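Written out below as structure tokens is the structure these notes cover.
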């Protein structure tokens, strides 16, 4: 599957699109819990959405000790 098709498929799910739009709007790096709080979603669900976005290179994950920053 071509790259742009994978990206569109990842963004076709409403919750993942909301996460991506929030990150674009806010800019910078955030903890998963901050994203979850902003969207009033469970941490676990946001982690799953981010995993899909990360698989198509729409977001990056930076690990600092045991904490994760998403950008």
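In the working numbering, the protein residues as written are 25 to 95.
Note that the Cβ used here is the ideal one computed from N, Cα and C, for glycine as well.
Small disclaimer: the values here were computed from a predicted structure and weren't measured.
Nearest neighbour of residue 84 by Cα position, chosen from 62, 52, 61, 65, turns out to be 52. Taking residue 56 as the centre and dropping the five residues before and after it, the same chain places the C-beta of 67, 70, 71, 74, 92, 94 closer than 8 Å to its C-beta, in chain order. With respect to the C-alpha of residue 64, the residue from 39, 33, 29, 49 having the closest C-alpha is 39.
Looking at the DSSP output, residue 76 bridges to nothing.
Nearest neighbour of residue 82 by Cα position, chosen from 26, 62, 44, turns out to be 44. Taking C-beta atoms as the reference points, residue 79 and residue 62 fail to come closer than 9 Å.
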